[in-house]
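Asks: In terms of the UniProt record's numbering, the sequence shown has 46 at position 46, counting the first letter as 1, and numbering is strictly consecutive. Even for Gly, the Cβ is constructed at its ideal location relative to N, Cα and C.
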Amino acid sequence: MEFFFNHPILSLAWVACLVAIIFTFVQDKLSGINVIGNNMVGILVNSQKGVIVDIRPIKDYSTGHITGSVHLLTSDIKTNNVGKIESYKDRPVILVNADGLNLFEAGKSLRKLGFNKVYILKDGIAGWLTDNLILVKK
């Protein structure tokens with residue numbers, strides 16, 4: 001406690017950071033969007049007839065993507081242009097990008113559009129390749 005009183009600005013900054021981390025963690029957990037590993041992709045696609053949605057730029061998608069994935073841009077999701085995956089509203093939708101980061105906004109947009117089961121592939125295509133899983137070009 002002595003440190004807290006001797007260094008109020010530093011202590012308040014620490015508390016603010018802690019609150020921000022807790023808030024972000026709770027918000028992500030309540031969003032209904034789950035982060036999954038590579039092993040779950042096959043399970044969700046095969047047993048629950050899910051779809052993989054690759055939101056990387058078309059150039060990256062063309063150089064290699066997960067088998068059966070559908071290409072959409074983040075801008076398509078933001079503008080409700082999701083006709084390619086409209087039929088998957090009650091099935092798992094797995095979002096993929098290069099590294100698995102910054103996908104929560106796209107996930108939240110899909111949830112607002114009525115997609116009930118939204119997942120994010122942890123580590124994205126980079127993690128997929130790290131696990132020596134294949135990409136296709138067709």
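Going by beta carbon distance, what residues of the same chain come within less than 7 angstroms of lysine 78, once the five residues before and after it are set aside?
Replies: Position 78 of the sequence shown, counted from the start, is the residue given in the question as residue 78. Correct list, in chain order: Ser109.
Asks: Under a three-way DSSP split, which group does valine 82 fall into?
Replies: By one-based count along the sequence shown, residue 82 stands at place 82. In the three-state DSSP reduction, valine 82 falls in the coil class, being neither helix nor strand.
Asks: For leucine 12, count the other beta carbons within 10 Å of its own beta carbon; 16 or more makes it buried, fewer makes it exposed. Which is it?
Replies: Within the sequence shown, the letter at position 12 stands for residue 12. Looking at its Cβ environment, which holds fewer than 16 other Cβ atoms inside 10 Å, leucine 12 is exposed.
Asks: Where do the N-terminal and C-terminal ends of the beta strand (DSSP E) with leucine 101 fall, by residue?
Replies: Sequence index remark: in the sequence shown, residue 101 carries index 101 (1-based). Unbroken run through leucine 101: none, as it is neither H nor E.
Asks: Closest to leucine 44 by CA distance: which of Ser69, Ile58, His65 and Ala16 is it?
Replies: Here residue 44 corresponds to residue number 44 of the sequence shown, with the count starting at 1. Closest option to leucine 44, Cα to Cα, is Ser69.
Asks: Helix, strand or coil: which one does DSSP assign to proline 92?
Replies: The sequence position of residue 92 within the sequence shown is 92, counting from 1. It is a strand residue.
Asks: Using a Cβ-Cβ cut-off of 7 angstroms (strictly less than) and excluding sequence neighbours within five positions of glycine 37, which residues of its own chain qualify?
Replies: Your numbering for residue 37 matches position 37 in the sequence shown. Closer than 7 angstroms at the Cβ level, and outside the excluded window around glycine 37, lie Lys122.
Asks: In the DSSP assignment, find the unbroken beta strand (DSSP E) run with valine 51 in it and report its ends.
Replies: Position 51 of the sequence shown holds residue 51. Run containing valine 51: 51-54, per the beta strand (DSSP E) assignment.
Asks: What does DSSP give as the partner residue(s) for tyrosine 119 in the beta ladder?
Replies: Here residue 119 corresponds to residue number 119 of the sequence shown, with the count starting at 1. The partner list for tyrosine 119 (beta bridge, DSSP) reads Asn34 and Ile94.
Asks: By how many angstroms is the C-alpha of histidine 7 removed from the C-alpha of serine 87?
Replies: By 1-based counting over the sequence shown, the position of residue 87 is 87. By 1-based counting over the sequence shown, the position of residue 7 is 7. Just so you know, the alpha carbons of serine 87 and histidine 7 end up roughly 57 angstroms apart.
Asks: Using only CA atoms, which one of Ile58, Ala106 and Asp90 lies nearest to asparagine 80?
Replies: By one-based count along the sequence shown, residue 80 stands at place 80. Asparagine 80 has its Cα closest to that of Ala106, out of Ile58, Ala106 and Asp90.
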